[in-house]
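Each residue of the sequence shown is one higher than the one before, starting from 1 at the first, in my numbering.
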Amino acid sequence: MDQKIVSNEIKQKNRTGIFSLFRHRAQLSRQDIVTALDLSLPTVTNNLEELKREGLIAQTGSFGNTGGRRARAYSLVANARTAIGLDITRHHVTAVAVDLQGTIIISRRRRLDFERTDEYYRELGAIVRQIVSAAELDEKSILGVGIGVPGMVTADHQTVFYGGVLGFTGATCAEFSKYIPYPTALMHDTDAACFAEMWVSPGTQNAFYIMLSASVGGTVYIGGNQYGGSKMRAGEIGHTVVVPDGKPCYCGRRGCVDPYCAASALTAVTDGDLKLFFQRLKAGDETVQAVWQEYLSHLAVAVANLRMLFDCDIIIGGYVGSFMDEYIDQLRQLVLLRSVFDDNADYVRPCRCKTEAIAAGSALNYIAEFLNSI
Ligand SMILES: [Zn+2]
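Okay, structure coming up:
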């Protein structure tokens, strides 16, 4: 191989290595980096100077008080780059901004009924502007706006190719971003939520994220990467059949997991209020308990099937997943009854990102892309 290419690769690897150390440590001295990465002091110094010039790290004090010369302390400038994420649902928009650490700097949620009109898209633009101004984001720091939508999105993030939930099949990124003056990308909501979950679960390589919200979706990670399938349709657990010829599904068929495991299967008895459902469940309301048992029995079938197919962690996410901590053992027991290979069901776990997962995940895609380019 060309020696110049090899030397550029080494240079790049050193830079990436140094920068990623800062993501996990609040402060570092040059010597810390030399020791951690086994690099020479001049290499570390040069890289630090370069990252400082680019505004990505800053000197933030010094170490030690034992006399002599103190070591300078450096830190990541977390807001040197930011990204915005939106979560579009039938009646609401949630918007967040995240920084280079993946920390949510600001979060806003407001009611806005979805419609494919110029007025709606103008309002989305206003929401983004409000986030920028309320968080006092430096315009130049904004990498982009990820728009999480309840629909399946082409691999280039430009078009909704299946939008049965909101009836917006064919909607484009250009349409959504008409009034947003930053780079934009459409994100399938389930993929975005799963991305946020994987962000807070470093080390998880294989997982299936099942999203139990207004609809049921799923995303698969294999070997640390999302598996989209041949046409970005992999993981759609919501439209696998759990009861042959059962309840009608919005997809036009019958008996899908969706009508049994979407949040609406629970909130039908609490006038659409999921929080109230879980309050009544806790209080021992018999009607609610019966609905919950039926819900869990169908969910257990779906989870057991996923485990059989993918042999991986199953993460219970979405609106229902955010209430799941207290009931996870109940679900695990039902899943275990259907298991062939496992003697426990600890691989089923509730999501860690309880709120804003879709908006955060939509934004984090931009952050990850930037970090990978460092
Ligand atoms: Zn269906």
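Every residue gets a Cβ at the ideal spot worked out from N, C-alpha and C, and that includes glycine.
- From the listed residues Val132, Ile315, Ile57, the smallest Cα separation to Ile106 is found for Val132.
- Rounded to the nearest angstrom, the Cβ distance from Thr82 to Val98 is 7 Å, consistent with a contact under 8 Å.
- Bridge partners of Gly61 according to DSSP: Ala73.
- Pro259 counts as buried, since at least 16 other C-beta atoms from the protein chains shown sit within 10 angstroms of its C-beta.
- Within its own chain, no residue has a Cβ closer than 6 Å to the Cβ of Thr355 once the five positions on either side in sequence are excluded.
- In chain order, Arg352 place their CB closer than 7 Å to the CB of Ser201, counting only its own chain and leaving out the 5 sequence neighbours on each side.
- Nearest C-alpha to Phe114 among Tyr209, Ala135, Thr89: Thr89.
- Relative to Gln330, the option among Glu294, Asp313, Asn305 whose CA is nearest is Glu294.
- About 7 Å separates the beta carbon of Ile84 from that of Ile142, a gap short enough to meet the 8 Å contact definition.
- The C-alpha of Ala174 is placed about 30 Å away from the C-alpha of Ala78.
- Shown here, Arg233 sits in coil according to DSSP, grouped into three states, outside any helix or strand.
- For the pair of segments examined, the region 218-226 was found not to touch the region 156-170: the number of CB pairs separated by less than 8 Å stays below three.
- For Ala80, the closest alpha carbon among the candidates Tyr74, Gln101, Phe63, Ser297 is that of Gln101.
- Contact between the region 311-325 and the region 334-352 is established, with three or more Cβ pairs separated by less than 8 Å.
- Counted as a single uninterrupted DSSP element, the beta strand (DSSP E) harbouring Ser107 occupies residues 104-111.
- Per DSSP, Ala263 is not a residue of any alpha helix (DSSP H), being assigned neither H nor E.
- Shortest Cα-Cα distance from Ala207 to any of Cys194, Ala214, Ser213 involves Cys194.
- Contact residues of ligand 1 (beta-carbon closer than 6 Å to any heavy atom; chain order) are His239, Cys249, Cys251, Arg253, Cys256, Asp258.
- In this structure, the alpha-carbon of Gln279 lies about 24 Å from that of Val335.
- In the same chain as Gly361, and ignoring 5 residues on each side of it, the C-beta atoms closer than 6 Å to its own belong to Ala192, Ala193, Phe195, Ala196, in chain order.
- DSSP, reduced to helix, strand and coil, places Arg253 outside both helices and strands of the structure shown, so it counts as coil.
- Cβ contact annotation for Arg15 (same chain, cutoff 8 Å, sequence separation greater than five): Asn47, Glu50, Leu51, Ile374, in chain order.
- For Leu86, the enclosing beta strand (DSSP E) starts and ends at 82-88.
- Looking only at Pro183, Tyr182, His157, the smallest Cα-Cα distance to Ala171 is reached by His157.
- Phe341 is classed as exposed because its beta carbon has fewer than 16 other beta carbons within 10 Å across all chains shown.
- The closest CA to that of Ile18, considering only Cys312, Asp245, Ile33, Ile5, is found on Ile33.
- Distance between Thr35 and Ser213, taken at the CA atoms: about 47 Å.
- In the structure shown, the three-state DSSP call for Ile374 is coil.
- Per the DSSP secondary-structure output, Pro350 pairs in a beta bridge with Ile316.
- About 16 Å separates the beta carbons of Ile127 and Met187, which is beyond the 8 Å limit, so they are not a contact pair.
- Bridge pairing for Thr219: Tyr209 [DSSP].
- In the three-state reduction of the DSSP assignment, Asp189 falls in the helix class.
- In this structure, DSSP gives Gly238 a helical state, which the three-state scheme calls helix.
- In the three-state reduction of the DSSP assignment, Gly224 falls in the coil class.
- Measuring C-alpha to C-alpha distances from Pro183 to each of Gly125, Thr240, Ala262 identifies Gly125 as the nearest.
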